[in-house]
Structures are given as structure tokens and as C-alpha cells.
Amino acid sequence: MKALIAAPIHKDAVKLLEDAGIQVVYREYPSEKELSELVTDIDILLVRSKPLVTAEVISKAEKLKIIARAGVGLDNIDVKVAEAKGIKVINTPEAPTRSVAELAIGLMLAVARKIAYSDRKMREGRWVKKEAEGVELKGKTLGIIGFGRIGREVAAIASKGLGMKILYYDVYRASPEVEKELGATYVDLETL
């Protein structure tokens, strides 16, 4: 079995494929023309948000069984054409959840503690202790718009890790069990 990795992925993922006996070919972000040539004898194509896997590319893929998207969206893959040809299209919807939630929390901490401002002043040689005084997040209320995977992960970190109160809005209300587990209260968008 042969896999084409057409985007950067972690070396551990490559090792997993190789340990499974899969021959790995690596071409980072090939053009559509190059990808069309490369897919003729591969079984697995792994991409990220690039390259584009067009109908033209898929038409050249005689042995292709799986197109794997390392990430959430499938907008760079012609899914209908792939599925019509019997090619399974998969993605990794949970993959970015924790990292995006941690980024959101990190940005909240940066704003609350005035980290960028303090850093800038220190680089200018100025100690601005009083001006750079931030606020603790414990006991503060966090409003979250969108309570899918990432919103729930942010809520979990903020409530359990930082002691924040959570208000959220989503077009679909979470179950009472989820609300209780995350200490979250549903409110309408205007209230939020």
C-alpha cells in the first residue's frame, strides 16, 4: 500500500504509517498538475487545507481508496466526485479542538494580565507596574457564542481550571447534563 502525504504532518503520524507497512511518498503542497501525476499509483492521499483535490486530480487516481484530511473542513476536496468513484473521504474533526481552545484561553489571559503591553514596555526599558496591573479571571463571567466542540472545551478550561462562570449561546442548547458538567448557563444572544 502506498500513501502520498501532500502537506506537512507530524513525524509520529508518518512513523505510524510506515510501521503499518505503508510506503510513504512526501510532496509538500504539490500543484494540481503535479498532484494529478502523483496520484496515479497511490492508495491513500493525505492533505490539510491544501492542496486542492479537484475532480481532475481524482479522475487520475486509479488506485485511490482514501482521501484523509488532517483537519476539519473538506472544502479543498471534491467530495461528491470522490465518493462517486468509491473513494472514502475522512477528516479529523477533533484534532484542533484542544489547541484552539487553549489559544482562546491564552488570548484571554494575555488581555486580562496585559501581557503584550507589559512586554512592549519592558523592551522599551520601562517598568510600568501600576499601568500593567491586570485582573484575575477567577469569579469573572465568560460569554461564549457557539457551544460546539471548541466552545465546550473553552468552557471546561475556564470553569474548571480558572474558576470562571460560563454563559453561552448556541442555536442548539446543550443538554442539562453538559451544562451541569461544564457549569454553563444558556442565555439568548441579546443577553450575552
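Per this note's numbering, residue -12 is the first one in the sequence shown, and the count goes up by one each step. All C-beta atoms, glycine included, are put in the ideal place defined by N, C-alpha and C.
Q: Sort R56, A48, L94 and K50 by Cα distance to T79 and report the nearest one.
A: R56
Q. What is the DSSP secondary structure of K248, counted as helix, strand or coil?
A. Because the chain spans -12 through 179 in this model, residue 248 falls outside it and cannot be assessed.
Q: Can you check the region 2 to 51 for any alpha helix (DSSP H) of at least 4 residues that lies completely inside it and give the ranges in chain order?
A: Entirely contained in the region 2 to 51, the alpha helix (DSSP H) runs reaching 4 residues are, in chain order, 19 to 25 and 42 to 47.
Q) Can the beta-carbon of I153 be found less than 7 Å from the beta-carbon of S146? A) yes
Q | the region 42 to 55 in contact with the region 67 to 78 per 3-pair CB rule at 8 Å | A | With contact defined as three or more Cβ pairs closer than 8 Å, the region 42 to 55 and the region 67 to 78 are in contact.
Q. Considering A(-7), what are the terminal residues of the beta strand (DSSP E) in which it resides?
A. Note, A(-7): premise wrong, no beta strand (DSSP E); not H, not E.
Q | C-beta contact flag for A82 and V34 at 7 Å | A | no
Q) Can you tell which of L96, M95, L(-9) and R14 has the C-alpha that lies nearest to the C-alpha of E5? A) L(-9)
Q: Pick out whichever of V40, L61 and K116 has its Cα sitting closest to the Cα of K101.
A: K116
Q: Within 10 angstroms of the Cβ of I54, are there 16 or more other Cβ atoms? Answer buried if so, exposed if not.
A: buried
Q. How about K167 and G150: are their beta carbons less than 7 Å apart?
A. no
Q: Using the DSSP secondary-structure output, state which residues sit across from Y156 in a beta bridge.
A: I132
**Q.** T178 to A143 span [Cα, whole Å]
**A.** Cα to Cα, T178 sits roughly 21 Å from A143.
Q | Local conformation of T84 per DSSP, three classes | A | Secondary structure at T84: helix, using DSSP grouped into helix, strand and coil.
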